[in-house]
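As given, the protein sequences belong to chains A and B, one line each in that order. Note that the working numbering gives residue 21 to position 10 of the first sequence, counting from 1, and the numbers run on in steps of one. Note that the working numbering gives residue 360 to position 315 of the second sequence, counting from 1, and the numbers run on in steps of one.
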Amino acid sequence: MNNTLIKVNNLVKYFPVRRFLFSKDYVKAVDDVTFEIRKGETFGVVGESGSGKTTLGRLILRLIPPTAGDVYFEGKNVYKLKGKELLEFRRKAQMVFQDPFSSLDPRMTVFHIIMEGPITHGMKIDDPEEFVVNLLRRVGLERIHLHRYPHEFSGGQKQRIAIARALALEPEFVVLDEPTSALDVSVQAQILEMLKDLQKEFNLTYMFISHDLAVVKYMSDRIAVMYLGHIVEIADEDELFEKPLHPYTRMLLSAIPIPDPEIARRKKLKEEVIGEPPSPINPPPGCRFHTRCPYEMPICRYKKPSLMEYEKDHYVACWLYEKE
Amino acid sequence: MANEKILEVRNLDVRFYTYAGVVKAVSNVSFDVYKGEVFSLVGETGCGKTVTSRALTRLIPSPGQIAGGRVLYYRNSEYIDLLQLSEEELNEIRGNEIAYIFQDPTASLDPLYTSGFQIAEGIIAHRDISLKEAWRKAVDLLKVVLIPDPEERVKNYPHEMSGGMKQRVVISISLANNPRIIIADEPTTNVDVTIQAQLLDILRELREKYNTTVILITHNMGVVAEMADRVAVMYAGKIVEVAPVFEIFKRPKHPYTQGLLRAVPNPLTKIERLAHIPGTVPNLVNPPPGCRFNPRCQFAMDICKKRDPPPIEVGPNHIVYCWLYEKGKEAES
């Protein structure tokens, strides 16, 4: 298969935190993560707070430097890009952030917010005003919004502006970092539908990051589950929900409240949900989930299981499934 | 479920007097809560669910004011209007008979005191016991909310605990005096799903064990489906529909409830498209006349723009505020 758009190899990111005067500890935000994103798909990343999903998104876009590892975009190492090539990558790979209240400059009008990117990249645009209005229409806004400031908009509208800003550069790849978690459900539904339409229209590849499993499932083709900096499972969206392998995935699935009272009250017996995620500063050795895992074995405590293909396109990192 | 009423809210009206004008945050809200049930108030941001819950014991800060209505609290086969009580009388009830769990545990706990002290404080305020005894009771309460190693945890300050732990402490504070009603305002919104599942389990167990009445305020339809016995859906400061939980999910009547349910992705089903409600929530300084949902409603009729819909009974215990279900609507409009 040669439709890989992004390849992530053994990516690591540690953030140093000062403990005492001279000793240093590290937050192991992303620790040895390997996967691929295929052209045209939506790759979902789900995990609880502190699992490293946002850091992963920022690493892939080279918004922060990695501690180790590589990311390849269209076959080129992202961290080795320079000059023109880097600028081109910056145009092709965009991000929509979680909080639209802080990702838009309050002192710029919508027109300037959206045109800033194309001007920086020297894109040839004959009629900037028409260009911006067209983009605004695509995200459900109007010409009258052109010269307004961010504070005049609701949260959902701000997120639409952030999406229009990303689209202005004609990107190929967009990282959507919790784009709807600050919004109400009825607005969330509008934004999710729009994102799906835009993906078809512009042939976009998405990396969709969220803590909300239901939303990730609705949006994604394939889903990676993260726990404390590790990817514990990758599978197709329906496969992951029908045949979850990793004990953590199962725990997550039984923890989500189902918006249907009959099912919600029947499911009680599944996986028991216990414990809290440990701190990502000095996380547990071996499999990081072993402190909460009901199937913990001695090996889990000292040796990290690697992500292996258990069935076709279904990857899991767990000693329970190690074949020998 | 016994049909013994514990709370009767009638025509509750809460307004906020701001520079931009009078915000009619809660208008003409009426509902009953029965003993031992989980009654859930659901709605989106700004619909007035939190304001309603706080108005029940007059916890409305200035510039807000309760402009009208009654909150009848039933106890020992008589009732009292909580809105008419003096501040001292109300303090006897708050935290003792009616306790709150707020959304943000970091804001509910005082960073300068240990968790044990904060639990004991609430007990001493209402009972004539020593700090030592209250402290022992605090340890027991932490056991009830399944905090591991409670003897050590009572000595912890809030910053030494995780968000989930803090919310457990807040829950145990609310339990300290065996309240008859617990008002839980988005108790799990700030925590991860696995922690949420554990907290909901605790609330469920407590309610079975002590037959406590729970008023659960949330925006999460999944949480409603798991927890509630009866549900009131709020929109723009008004209740639009009240029904038992199965009715709400199986036979929602109000166009807003229908839209809301269709907008929530269900992880167990294959959804081709999520339906969404067009438009945005109205400004409550100048709410639309008539039914407040009419500008966004695809079934809006003339009468919806003129007159407030009355409560209409469409099934057993199922009340909807919508002109669509009024029998003689054609004649009137």
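Backbone N, C-alpha and C define an ideal beta-carbon position, used for all residues, glycine too. None of the values given here were measured: they were computed from a predicted structure.
For residue i, return the contacting residues in chain A, with the cut-off set at a CB-CB distance below 7 Å.
i: Ile-322 (chain B); result: Ser-197
i: Asp-230 (chain B); result: The contacting residues do not exist; Asp-230 (chain B) stays about 17 Å from chain A at best.
i: Gln-243 (chain B); result: Val-284
i: Gly-304 (chain B); result: Ser-197
i: Val-285 (chain B); result: Within chain A, no residue comes near Val-285 (chain B); the closest Cβ sits about 13 Å away, beyond 7 Å.
i: Phe-294 (chain B); result: Asp-271, Pro-272
i: Val-189 (chain B); result: Result: empty, since nearest Cβ-Cβ is about 17 Å, beyond 7 Å.
i: Ile-316 (chain B); result: Tyr-229
For residue i, write down the residues that DSSP places opposite it in a beta bridge.
i: Ala-165 (chain B); result: None, per the DSSP bridge assignment.
i: Tyr-118 (chain B); result: B:Leu-52, B:Ile-125
i: Gln-109 (chain A); result: None, per the DSSP bridge assignment.
i: Pro-356 (chain B); result: B:Tyr-366
i: Glu-163 (chain A); result: The partner list for Glu-163 (chain A) (beta bridge, DSSP) is empty, contrary to what the question assumes.
i: Ser-114 (chain A); result: DSSP, once it has assigned bridges, lists no residue as partnering Ser-114 (chain A).
i: Ala-273 (chain B); result: None, per the DSSP bridge assignment.
i: Ile-146 (chain B); result: B:Ala-229
i: Ala-235 (chain A); result: A:Val-56, A:Ile-245
i: Gln-303 (chain B); result: Beta-bridge pairing links Gln-303 (chain B) to no other residue.
Which residues of chain B have a Cβ atom closer than 8 Å to the Cβ of residue i, listed in chain order?
i: Gln-210 (chain A); result: Here the premise fails: no neighbours, minimum Cβ distance about 14 Å.
i: Leu-225 (chain A); result: Note that residue 225 (chain A) is Ala in the sequence shown, not Leu. The contacting residues are Gly-267, Val-309, Pro-310, Asn-311, Pro-312.
Please list the partners that residue i has in chain A, where partner means a Cβ-to-Cβ separation under 9 Å.
i: Gln-129 (chain B); result: Under the 9 Å cutoff, chain A gives no residues; its nearest Cβ is about 35 Å from Gln-129 (chain B).
i: Val-238 (chain B); result: Glu-59, His-222, Asp-223, Leu-224, Leu-263, Ala-266, Ile-267, Pro-268, Val-284
i: Ser-207 (chain B); result: Glu-287, Pro-288, Ser-290
i: Thr-258 (chain B); result: In chain order: nothing, as chain A lies at least about 19 Å away.
i: Val-290 (chain B); result: Pro-272
For a contact meaning CB atoms closer than 8 Å, what does residue i contact in chain A?
i: Leu-319 (chain B); result: Ala-200, Leu-203, Glu-204, Tyr-229
i: Glu-271 (chain B); result: Pro-268, Ile-269, Pro-272, Ala-275, Arg-276
i: Ile-299 (chain B); result: For the record, residue 299 (chain B) in the displayed sequence is His; it is not Ile. Those do not exist, as His-299 (chain B) stays about 14 Å from chain A at its closest Cβ, beyond 8 Å.
i: His-264 (chain B); result: Asp-195, Val-196
Using a C-beta to C-beta distance shorter than 9 Å, which residues of chain B count as neighbours of residue i?
i: Glu-181 (chain A); result: The premise fails here: Glu-181 (chain A) is roughly 26 Å from chain B at the closest Cβ pair, so nothing lies under 9 Å.
Of the residues the options, which one's Cα is nearest the Cα of residue i?
i: Thr-120 (chain A); options: A:Trp-330, A:Ile-17, A:Leu-147; result: A:Leu-147
i: Thr-151 (chain B); options: B:Lys-211, B:Ser-175, B:Leu-245; result: B:Lys-211
i: Phe-300 (chain A); options: A:Ile-245, A:Pro-272, A:His-241, A:Ile-234; result: A:His-241
i: Thr-15 (chain A); options: A:Tyr-83, A:Leu-72, A:His-123; result: A:Tyr-83
i: Thr-234 (chain B); options: B:Thr-258, B:Val-287, B:Asn-222, B:Gly-208; result: B:Gly-208
i: Ser-192 (chain A); options: A:Met-237, A:Glu-320, A:Pro-111, A:Glu-140; result: A:Pro-111
i: Ile-364 (chain B); options: B:Ala-345, B:Leu-319, B:Ala-288; result: B:Ala-288
i: Tyr-202 (chain B); options: B:Gln-163, B:Pro-224, B:Pro-232; result: B:Gln-163
i: Val-198 (chain A); options: B:Thr-159, B:Cys-336, B:Gly-324; result: B:Gly-324
i: Glu-53 (chain B); options: B:Gly-91, B:Glu-89, B:Thr-102, B:Ala-281; result: B:Thr-102
i: Tyr-118 (chain B); options: B:Thr-258, B:Ala-183, B:Ser-85, B:Ile-105; result: B:Thr-258
i: Ile-105 (chain B); options: B:Phe-76, B:Glu-142, B:Val-59, B:Thr-63; result: B:Val-59
i: Val-359 (chain B); options: B:Pro-297, B:Thr-159, B:Ala-179; result: B:Pro-297
i: Ser-317 (chain A); options: A:Tyr-306, A:Met-308, A:Pro-305, A:Trp-330; result: A:Trp-330
i: Leu-154 (chain B); options: B:Lys-94, B:Asp-347, B:Val-215; result: B:Val-215
i: Tyr-64 (chain B); options: B:Pro-310, B:Cys-342, B:Pro-361, B:Pro-108; result: B:Pro-108
i: Asn-141 (chain B); options: B:Arg-172, B:Asp-126, B:Pro-156; result: B:Arg-172
i: Val-236 (chain A); options: A:His-123, A:His-257, A:Thr-302, A:Thr-216; result: A:His-257
i: Val-284 (chain A); options: A:Cys-304, A:Glu-333, A:Pro-272; result: A:Cys-304
i: Thr-97 (chain B); options: B:Arg-352, B:Phe-338, B:Leu-128, B:Glu-205; result: B:Leu-128
Following a CB-centred definition, is residue i positioned closer than 8 Å to any heavy atom of the ligand GDP?
i: Ile-192 (chain B); result: Ligands displayed in this structure: none; no statement on the ligand GDP is therefore possible.
> Using 8 Å as the threshold, is the stretch 124–132 of chain B in touch with the stretch 159–172 of chain B, meaning 3 or more CB pairs across them?
Replying inline: Output reads no: the stretch 159–172 of chain B does not touch the stretch 124–132 of chain B.
> Closer than 8 Å, Cβ to any Cβ of chain B: which residues of the stretch 42–71 of chain A, in chain order?
Replying inline: Per Cβ criterion, the list reads Glu-59, Ser-60.
> Any residues in the stretch 16–33 of chain A with a beta carbon nearer than 9 Å to a beta carbon of chain B? Which ones, in chain order?
Replying inline: Residues of the stretch 16–33 of chain A with a C-beta atom less than 9 Å from some C-beta of chain B do not occur.
> How do the stretch 256–267 of chain B and the stretch 304–319 of chain A stand: do at least 3 beta-carbon pairs fall below 8 Å, yes or no?
Replying inline: Segments in contact, no.
>> For the stretch 76–102 of chain B, list every residue whose C-beta sits within 7 Å of some C-beta in chain A, in sequence order.
In response: Of all residues in the stretch 76–102 of chain B, the ones placed with a Cβ closer than 7 Å to any Cβ belonging to chain A are Glu-89, Thr-90, in chain order.
> At a Cβ cut of 8 Å, what residues of the stretch 231–255 of chain A count as close to chain B, listed as they run along the chain?
Replying inline: If the cut-off is 8 Å between Cβ atoms, the stretch 231–255 of chain A has Asp-249, Phe-252 near chain B.
> Are the stretch 218–228 of chain B and the stretch 141–149 of chain B touching by the rule of at least three beta carbon pairs closer than 8 Å?
Replying inline: Flag = yes, the stretch 218–228 of chain B and the stretch 141–149 of chain B touch.
>> If contact is defined by three or more beta carbon pairs under 8 Å, each pair taking one atom from either stretch, is the stretch 61–76 of chain A in contact with the stretch 140–158 of chain A?
In response: In short, these stretches do not touch, since the Cβ pair count stays below three.
> Quick one: any contact between the stretch 251–260 of chain A and the stretch 318–329 of chain A, if contact means 3 or more CB pairs under 8 Å?
Replying inline: As far as the Cβ criterion goes, the stretch 251–260 of chain A touches the stretch 318–329 of chain A, which means the pair count is three or higher.
> Within the chosen definition, does the stretch 99–118 of chain A reach the stretch 179–195 of chain A through at least 3 CB pairs nearer than 8 Å?
Replying inline: Touching, yes, given that three or more Cβ pairs across the two stretches are closer than 8 Å.
> Hey, is the stretch 185–200 of chain B in contact with the stretch 215–224 of chain B, meaning 3+ C-beta pairs nearer than 8 Å?
Replying inline: A contact exists between the stretch 185–200 of chain B and the stretch 215–224 of chain B.
> Below 8 Å, can you find three or more Cβ-Cβ pairs linking the stretch 304–314 of chain B to the stretch 112–124 of chain B?
Replying inline: Too few Cβ pairs lie closer than 8 Å, so no.
> Do the stretch 356–370 of chain B and the stretch 322–334 of chain B meet, that is, are 3 or more Cβ pairs less than 8 Å apart?
Replying inline: Taking a cut-off of 8 Å on C-beta distances, the stretch 356–370 of chain B does not touch the stretch 322–334 of chain B, as fewer than three cross pairs fall below it.
>> Three or more C-beta pairs under 8 Å: does that hold for the stretch 283–294 of chain B against the stretch 302–312 of chain B?
In response: Touching, per the Cβ criterion.
>> Taking contact to mean 3 or more Cβ pairs, one atom from each stretch, closer than 8 Å, check whether the stretch 66–75 of chain B and the stretch 96–112 of chain B are in contact.
In response: Judged by Cβ distances under 8 Å, the stretch 66–75 of chain B makes contact with the stretch 96–112 of chain B, as three or more pairs qualify.
>> Along the stretch 154–165 of chain A, where does the CB come closer than 8 Å to a CB of chain B? Name the residues.
In response: Answer set for the stretch 154–165 of chain A: Ser-165.
> Is the stretch 253–270 of chain A touching the stretch 83–103 of chain A in the sense that three or more CB pairs, one from each, lie closer than 8 Å?
Replying inline: Between the stretch 83–103 of chain A and the stretch 253–270 of chain A there are fewer than three inter-stretch CB-CB distances shorter than 8 Å, so the stretches are not counted as touching.
>> Between the stretch 201–213 of chain A and the stretch 23–41 of chain A, can you find at least three pairs of beta-carbon atoms closer than 8 Å?
In response: Three or more Cβ pairs closer than 8 Å define a contact, and the stretch 23–41 of chain A falls short of that threshold against the stretch 201–213 of chain A.
>> Can you confirm whether the stretch 273–287 of chain B touches the stretch 84–95 of chain B when touching is taken to mean that 3 or more C-beta pairs between the two stretches lie within less than 8 Å?
In response: Cβ pair count under 8 Å is three or more, so yes.
> Can you find at least 3 beta carbon pairs, one from the stretch 55–62 of chain A and one from the stretch 220–229 of chain A, that sit closer than 8 Å?
Replying inline: At 8 Å Cβ cutoff, the stretches touch.
> Taking a cut of 7 Å between CB atoms, which residues from the stretch 325–339 of chain B lie near chain A?
Replying inline: Listed by position along the chain: Thr-325.
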